[in-house]
Each structure stands twice: as C-alpha cells, then as structure tokens.
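Residue numbers (the numbering used here): 42 to 459.
These notes are about the structure you will find just below.
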C-alpha cells in the first residue's frame, strides 16, 4: 500500500464563499488521519515474514527443533580448518597431531557436517563458555572420548586457555585429565574407563594390546564411580576395547568369554559384553543418590582399516569422505550401535522416575563417512607401536570437531531426536 502526502487546509487560504467545501474537506481529513494508524496497526500485527527468516531451502536457527542434525552429508568447506590449526592450538597431543608429523594432504580439514534440512551452526566458543558457566563436564570412557575432549579444548582456546589441574586429582595424568576455566568456573575432565565396568588383566605380570582381560559385567568401574557425582554433564563413549579377548564374570562367577580360545567356556558375541557394560553404567547412574547430571551417549565411532586388520598391516590412507552411496551402516558397526542405543532408550525411560536426563548424541552415521579423518601413520603415541596404523582415533583439527558443534547445539536447544 502506498500513501501520498496530503496538504491540510490552512486558514489563511480559506475563502468565505468556500466554507461548506472547507468544512467537508476538514471532516474528511480527520477521518483519514484516524483511519491510517488503525490500518498500520493491523498491518504490523499481521503474519509478515520475520526479518531473521531464511528464504532458502535450509531451515533457519529459529526452526532448529525441526532439524534432524544426525542425518546429513559432509560438504566442502574451502575456508577450513574452521577453527584452529596444530600451530594455533598447543593442546593437541602427538597421537592426533597429524600435520606435525608430516601428513601431506590437507583436504580432510576442509569439510563440514551438513544436516539434510538445516545448517549446523559453527562452534561459538564464547557462547559455549557462557552456557556452561559454573558447570562441569566429564568425558567418561576410552581414548576416543578423550580425543573429543582435546578437540573441545582447542575450540575453546580461540577464546581462552584453561589451567591444567590434573596433578591435583590423580597421579596418572596421562589417562585422568582435569582442566579448569577459572574465568567461567567451568571444569572439563576425562574419566578413563575403556570398559565402563570393573576389569582386570588375567595375567597380572603383563599387559599388551591383545592380552586376556577379565570383565565383571555387573560391577561398575570404580575409576568413574567415585567421581561421577561431581559433574553436571557426562558424555559416555566406549568402542573398540570390547573386540579384545575377554573373560566375562557375572554374579561372582565366570559365565563365558569372547575370543578367549578356551574350549571349556561358553563363547559370546562382542555385543553381549558391550550391552551388559552399558546396562550396568546406566543402572548405576540412575541409582546414585547425588547424581543429578545430564548423561549423553555419544554413539559408536567406526574405524576404517583397509587392506587388513589393525594388527595385520591394515591402514586408512583415503583423503576424501565417502558418499552415502559408497558405504552403509551394517555389520558389526550396526550391531554395536543398535546395542548401545537400545540400552540408552531403556535408561531414558527409567531415568524419568528420578528426573534424570539420558540423551543421544548420534554421530555414527557422520563418522562412518570419514575414512580420511584418522591419523593413519601420522600420529605418534608413546604407548603405541608405530608400525601400526591408527584408524580409530581422529586427527586434530578434523571431523571430530563436528561432535562439539553438535554438543553445543544440543546444550543450546535441548535437541532430542524423534
């Protein structure tokens, strides 16, 4: 609607013989002046597009609750790495510092996770620190969980660095780390527990990558049990340790084993111990009187060994992501993924009785598509045989940074998958 300017009658131009005409014009003008604000008010209250709305095909941030962030593709991000490099962040450990140890390609750092129907916002370190002010966050599980913690430390380093206070809490500071952001009263910790349940070497005289372990499937690991009540957020993740040779204990007795090659024992599939470990974890968290934390399950992170297994010359030399047409979620990855998701669902239902939150951080599909993101031979660990390729952990910077983009999104929006 277009409004034209109107010249109002002015007394000095009024002629005596035009009195009735002028009175009519004055009345018409008053009516018009009263009507204009009413029209404008109706227009302002109508359903006009918000200036923040996105006219494109992707949903805007105001529609985040309608976006399924766990289903999507990796798309080129030419400005990558998006946040930091191994030169700008000095918190990357050598095991994931691929560029430091000579990885020749850089394309693996130039992709971002793109959900099917929306944009996943870039990680905002200042916003994250405000959301967690006065809180504490623990990564409970194995070294891939610690890998995510190191990613988060580097993402936050764009704003501030933490104080390493690990030595105040543990003598084993390689596996039990704790950092505090004093200006935000925010603590990040790593609670090392690769099986979630109590575990022991069958042969106490030595330990290696393939030594036989005893798992007590109905007994929680004291490494986290004595500490977990201190934390407001707990991100749980364990993966590949369950493929080792294992002897299973339940109710105080041996019930069988996994890959133990002992004829007198019942043999169990890998997912049996995996399921029982998560069940014990979730049941214990639900029973701890002082545990009030929000529990996130970060789902199974696939390895990408090709040309052989991890101990048979396998490697991961690809330099680009898979497309969805090149691979699919199946086999042991699907079995392990479904196992932990089923246990989380049961815990979520039970947790409602105490007001506890158990939430799914489903990163399996995204990481299945990233065979290019592992250290391969370009990561150096003091505890690892360097003739073996690392196709389990993730380079920093790299695709694992998307996990913390997802974490921020979930903290900010309360997102839950349907």
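All C-beta atoms in this analysis are idealised placements derived from N, C-alpha and C, irrespective of residue type, glycine included.
Give a yes or no on whether 7 Å exceeds the smallest Cβ distance from residue 356 to chain B. Absent from the structure is chain B; it holds one protein chain and no more.
Determine the burial state of residue 434: buried for a count of at least 16 other Cβ atoms within 10 Å of its Cβ, exposed for fewer. buried
Selected residue, minimal CA-CA separation from residue 231, among 184, 241, 255 and 259: 184
Three-state secondary structure (DSSP) at residue 140? coil
Can you look up residue 380 in the DSSP assignment and give me helix, strand or coil? In the structure shown, residue 380 sits in a helix (DSSP, three-state: H, G or I).
Might you give, ordered along the chain, the residues of its own chain that have their beta carbon closer than 8 Å to the beta carbon of residue 209, omitting 5 neighbours on each side? 219
Spatial distance of residue 449 from residue 109 (CA atoms): 15 Å
Contact between the stretch 175–194 and the stretch 263–276 (3+ Cβ pairs under 8 Å): Because the criterion of three Cβ pairs below 8 Å is met, the stretch 175–194 and the stretch 263–276 touch.
Let me know if residue 75 comes out buried or exposed under the rule of 16 or more other beta-carbons within 10 Å of its beta-carbon. With a pLDDT of 41 at residue 75, under the threshold of 50, the modelled position of that residue is not reliable, and no figure is offered here.
When you compare the CB positions of residue 432 and residue 137, do they come within less than 7 Å of one another, or not? no
Using 8 Å as the Cβ pair cut-off and three pairs as the minimum, do the stretch 344–352 and the stretch 287–298 touch? no
Does the Cβ of residue 124 have 16 or more other Cβ atoms within 10 Å, making it buried, or fewer, making it exposed? buried
How many whole angstroms separate the CB atoms of residue 402 and residue 338, which I take to be in contact at a CB cut-off of 8 Å? 6 Å
Which residue marks the beginning of the beta strand (DSSP E) containing residue 429, and which one marks its end? Here residue 429 belongs to no beta strand (DSSP E), and DSSP marks it neither H nor E.
Alpha-carbon spacing of residue 377 relative to residue 313, whole angstroms: 9 Å
Write down the C-beta distance between residue 409 and residue 368 rounded to the nearest angstrom, noting that I regard them as a contact closer than 8 Å. 6 Å
Quick check on residue 440: does DSSP put it in helix, strand or coil? Correct three-state label for residue 440: coil.
Please return the same chain residues whose Cβ sits closer than 7 Å to the Cβ of residue 452, not counting the five positions on each side in sequence. 172
Skipping 5 residues on each side, what residues in its chain have a beta carbon closer than 7 Å to that of residue 118? 151, 152 and 153
Should residue 167 go down as buried or exposed, given a rule of 16 or more other Cβ atoms within 10 Å for buried? exposed
Does the beta-carbon of residue 240 have 16 or more other beta-carbons within 10 angstroms, so that it is buried, or is it exposed? Under this definition residue 240 is a buried residue.
Can you list the beta strand (DSSP E) stretches of 3 or more residues lying completely in the stretch 240–276, in chain order? 254–261
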